[in-house]
Structures are given as C-alpha cells and as structure tokens.
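What follows is a short report on a single structure.
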Amino acid sequence: MKIKDHFLTGESFDLESTAINGILKTSPVPANLAPYYESKDYISHHQDSGSIKEKVYKILQKINLNYKRNIVAAEIPAKGKILDYGCGAGEFIKYVQKDFTAFGFEPNEAARNAAVTKSGEKAIISDLSDIQDESLNAITLWHVFEHIENQKEMLHLFRNKLRQDGVLIVAVPNPGSFDAHKYKEFWAAWDVPRHLYHFTRSGMTNLMESEKWKVVKVKPLLLDSFYISMLSEKYKKSSLFWLKGAVIGAISNFKASKNGEFSSLIYIIRKNEKIDF
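What follows is the structure, encoded as structure tokens:
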C-alpha cells in the first residue's frame with residue numbers, strides 16, 4: 001500500500017513487510033529525515049497561546065499524563081528512577097517529577113530546549129552513556145519507538161540501563177485498529193516517513209521475543225482514537241472533520257473494548273527472565 005505524507009510534503013511511500021511477522025516498514029527511508037520534522041506543528045503545544053482550543057488541549061493532556069503516570073506507578077517503586085526516551089517538549093517529565101526521579105532524552109533541538117525550560121537543565125540528558133548500567137526502574141517511549149530505525153540496537157541499550165526488575169513501556173499506533181481499517185491510506189497514524197515502523201499487537205510481541213523481552217501487559221491510549229480520527233478526516237478534506245472524527249474515534253474505542261485493538265497501545269515489557277517483583 002502506498003501512503004502519502006499528508007502532514008508535510010505530499011510525498012508517497014510504500015509499506016513493506018519485514019522479517020518479523022506483524023511489522024511493516026516505511027520505504028524508502030529518506031537519507032536525511034530531519035527536514036520531515038521541520039514544522040512548528042510537529043512539536044506542538046509547548047507554548048501557551050491562551051486560545052480555547054489550547055485550553056481544551058491542556059485539559060485532555062493532563063488527563064493523558066495522569067493516566068500514563070498511573071501506569072508507570074503500578075509497575076515500579078515510589079521515587080523510582082525513570083528515563084523518558086524521546087521526551088519531546090518535556091511534559092511527561094515535568095508531570096512526574098514529584099513522584100519519581102525522572103530524566104528525559106530528546107534529540108530534536110527545538111523540543112529539547114522546550115523540555116529544559118519546563119523541567120530544568122539537569123533533568124534533560126544529552127548522552128545516554130551518562131546513565132549508569134542497571135540503574136533505571138523504567139524507560140518510557142510515548143509514541144517514539146516507531147521513529148527509531150536502529151530498534152534492535154536501542155533495545156540492547158535499554159536492557160543494559162534497566163535494573164533486572166525494570167520495565168520498558170512503549171506506546172505505538174496500532175494498524176490493527178478499527179480507525180486504521182476505516183481510513184486506510186488516509187490514517188493519520190501512518191505518519192510516513194517519520195514513522196519508520198508500524199506494529200500490530202503480534203508484531204510487537206514477536207519483536208520483543210526475538211530480542212529476549214516479554215510483553216507482560218497491553219493497555220489502551222483511549223484519547224488517541226479521537227485525535228487520529230479527526231486528523232484523518234482532515235486529511236480527507238472532510239467538512240466538520242472534528243465531528244466525524246469524534247464519532248469514528250468513539251466507534252473505534254467501542255469495538256476495541258471487545259477485541260483489544262485500540263488505536264494506540266501501550267506495551268508493558270520486561271526482560272525475558274523470571275522476575276519476582
């Protein structure tokens with residue numbers, strides 16, 4: 001299937017099968033991906049505009065941040081040490097600093113500067129080698145893993161940095177969801193070429209097992225279906241895209257309540273050895 005970069009360039013890319021069943025890869029991968037991120041809309045909402053839209057976004061964002069915090073809190077001890085890899089503008093780090101020792105890593109300069117402003121310079125690290133091996137209770141990647149090309153290398157690094165009882169938490173879009181099937185090539189969460197890989201539930205499980213990890217729980221990101229559906233309707237140039245997207249988002253979540261195929265999924269992953277936690 002050919003997918004257009006509806007967000008920025010209008011270029012088309014292919015989705016190709018990989019050696020791991022259930023995972024697709026964007027092809028070709030541009031030699032330089034940086035220009036595909038060069039939009040003020042891609043690193044969004046790290047400055048307050050005071051608009052009604054911004055205020056609504058902030059309310060929903062706080063609900064989402066609290067949900068994510070609670071997922072982490074259920075898996076690690078109080079005041080545990082967290083790395084948020086690909087922390088963006090630093091909203092999650094800032095939100096959980098009162099509960100955990102939280103650090104962020106962000107390669108994008110504009111987002112990193114915003115994160116430093118929000119969370120303080122000491123909370124944003126510039127080199128993962130500064131983190132002691134087997135020192136982290138959790139590593140989180142909120143819609144980041146799909147952007148990483150050298151995933152196996154990074155999984156090896158994460159394994160080294162996590163404690164034996166540590167947890168890897170990965171949130172990615174789900175192409176097995178109702179909204180993905182509904183919108184097909186217009187599904188906003190393809191987001192090519194920025195999203196290099198696309199994971200079904202079985203694909204994520206297969207990858208982690210091949211790299212000696214184990215998916216122990218899967219949780220939904222319920223608000224994502226609404227945002228993704230609204231953006232997909234916008235890409236289709238639908239009138240009242242926000243209303244149509246809200247309806248499809250609600251239908252997607254309802255169907256997923258029966259089969260588990262939510263628009264975005266959070267994978268709780270541990271090292272593939274017996275753990276007494």
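Here UniProt numbering is used: position 8 in the sequence shown is 8, and no number is missing along the way.
Where a beta carbon is used, it is the ideal one built from N, C-alpha and C, also for glycine.
Treat the numbers as computed from the prediction; the structure is a model and nothing was measured.
- Taking C-alpha positions only, residue 59 is separated from residue 93 by approximately 17 Å.
- The C-beta distance from residue 179 to residue 248 rounds to 6 Å, short enough to fall under 8 Å.
- Going by beta carbons, residue 197 and residue 108 fall outside the 9 Å limit.
- For the options 213, 182 and 70, the alpha carbon positioned closest to that of residue 252 is the one of 182.
- Take residue 158, set aside five residues on each side of it, and the residues of its chain with a beta-carbon closer than 7 Å to its own are 139 and 168, in chain order.
- Under the three-state reduction of DSSP, residue 74 is assigned to coil, being neither helix nor strand.
- For residue 232, the enclosing alpha helix (DSSP H) stretches over residues 224-235.
- Looking at the backbone, the Cα of residue 269 and that of residue 224 are separated by about 21 Å.
- The distance from the Cβ of residue 22 to that of residue 166 is about 25 Å, inconsistent with a contact at the 8 Å cut-off.
- The beta carbon of residue 6 lies closer than 6 Å to those of 235 in the same chain, with the five residues before and after it left out.
- Three or more beta-carbon pairs separated by less than 8 Å are not found between the region 130-138 and the region 9-20, which leaves the two stretches without contact.
- Residue 138 sits in a strand when the DSSP states are folded into three classes.
- Here the alpha carbons of residue 90 and residue 156 stand approximately 24 Å from one another.
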